[in-house]
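Those letters in the sequence shown? Residues 29 to 321, by our numbering.
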Amino acid sequence: MSDFLFFLEVSLAGLGSGALLSLTALAFVLIYKATRVINLAVSEILMMGGYFFFALAAGMSLSPWVALPLAIAGGGLIGAIVERGVIRRMLGESAISVFMVTVGLGSVLVGLVEFVWGTNPRTLPDFTGTAPVFIGQLYISRKIAIAFVVASLVIAIFLLLFRYWRGGVALRATATDQAAAYSCGINVPGVFSAAWIIGCATAAGAGILLGAIGGISPVMGAFGLSALVVVIVGGLDSVMGALVAGLLIGLVEAWAGTYLGGEYKLVSTFIILIVMLMVRPYGLFGTTEIERL
């Protein structure tokens, strides 16, 4: 019985980590869904969210509940600047060129963090509390439980917005056919900007939650590698896919790390990625595109 309870506790921790993966993957999906750009800098914007919160809450002594929305807004501001200043100027360029720009942007952000805050890990001011959470006899870290609840709520809100909100319908229309969206009077450049702002703000929020659990450092963007796997497994343009694949990857990583060793977490993740690319390259819920040659 004790072994089974331990397995359940590991699984709950995996679901909490998976919810954060889903939230980070959502940032990838939002931007790709609207603009067809794979923004690899999402990982570093996640990192910036944690450092923005640290600067506001620890450096400027603001209340964590004031610093939290300001840090998320800072992530959105980065998205707005990058979209207007860089991505929009590259319209018509090859996909690989735009992709490499996001890779370069990620390196610039890491260098900026190391220049301003140094390379040592930092601990975020506590804003979640430390009291453990019990579900029956099962123990789960309070921070992981809060991360799971927040990530689940955010993803549920996005699913509802995409289905019923006019802006969500405009985003789906733009993702399907930009020319047709223009002809229907949709402000396509505005949709692009909104996708980048919301996507980067989402990544910043995920970075704050991740930093609250394990602290922040210039290398925390590596978490985005697992999130990118989630995106590919779930489907590059599927919000539901980000949710389902994130929880799946979180569980597999928790089981592999506990029963096989921490070095097998990423191994198991990329095995899933390889199998998915071989069996279903468009992901679990991704759109299958058929082109006439």
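Beta carbons: idealized from backbone N, C-alpha and C, even for Gly.
* Asked: In the DSSP assignment, what are the bridge partners of I244?
  -> R150
* Count the other CB atoms within 10 Å of the CB of T230; is the residue buried (16 or more) or exposed (fewer)? -> buried
* Asked: Whole-angstrom Cβ separation of W224 and G107, contact assumed at under 8 Å?
  -> 4 Å
* **Per DSSP, the bridge partner or partners of I163** => L166
* Between which two residues does the alpha helix (DSSP H) harbouring W193 extend? -> First-last for W193: undefined, no H or E at that position.
* To do: For my contact list, N67 and T130 are in at a C-beta cut-off of 8 Å; report their separation, rounded to the angstrom.
  => 5 Å
* Asked: Anyone know if the C-beta pair for V57 and A198 falls short of 9 Å?
  -> no
* Asked: Which residues in the same chain have their Cβ closer than 7 Å to the Cβ of T202, if we skip the five residues on either side of it in sequence?
  -> A62, A209, I214, V216, V219
* For the alpha helix (DSSP H) that contains V138, what are its first and last residues? -> 123-145
* Asked: How many whole angstroms separate the CB atoms of A55 and G227, which I take to be in contact at a CB cut-off of 8 Å?
  -> 4 Å
* To do: Can you give me the Cβ contacts of V182 inside the same chain, cut-off strictly under 8 Å, excluding the 5 residues immediately before and after it?
  => L51, L54, T230, G233
* Asked: Would you say S245 and T147 are within 9 Å of each other, going by their C-beta atoms?
  -> yes
* **Burial state of T158 (16 or more Cβ within 10 Å)** => exposed
* Asked: What are the start and end residues of the alpha helix (DSSP H) that includes V307?
  -> 293-307
* Are the beta-carbon atoms belonging to V258 and L49 less than 9 Å from one another? -> yes
* To do: Give the straight-line distance between the Cα atoms of S211 and V65, rounded to the nearest whole angstrom.
  => 22 Å
* **Contact set for L33: own chain, Cβ-Cβ below 7 Å, skip 5 residues either direction** => Q165, L166
* Indicate the three-state DSSP secondary structure (helix, strand or coil) for T202 in the structure shown. => helix
* Specify the secondary structure class of M88 as computed by DSSP and reduced to three states. => coil
* Asked: Going by alpha carbons, who is nearest to M248 out of I260, G235, L256?
  -> G235
* Helix, strand or coil for I183, going by three-state DSSP, please let me know. => helix
* **DSSP three-state assignment for I214, whether helix, strand or coil** => coil
* **Reference G139, options I73, G290, L187, closest by Cα** => I73
* To do: Enumerate in chain order the residues of its own chain whose CB-to-CB distance from F80 is below 6 Å, with the five nearest sequence positions on each side excluded.
  => A99, G102
* **Between the CA atoms of A250 and A175 - distance to the nearest angstrom** => 18 Å
* **Residue range of the alpha helix (DSSP H) that includes F81** => 70-82
* To do: Check the C-beta distance from T297 over to V38 and give it rounded, since I have them as a contact under 8 Å.
  => Not a contact, Cβ separation roughly 16 Å.
* Asked: Going by other Cβ atoms of all chains shown within 10 Å of its Cβ, with 16 needed for buried, is F82 buried or exposed?
  -> buried
* Of the residues D31, A47, F35, which one's Cα is nearest the Cα of G274? -> A47
* Asked: Using the C-alpha atoms, what's the distance from R116 back to I124?
  -> 15 Å
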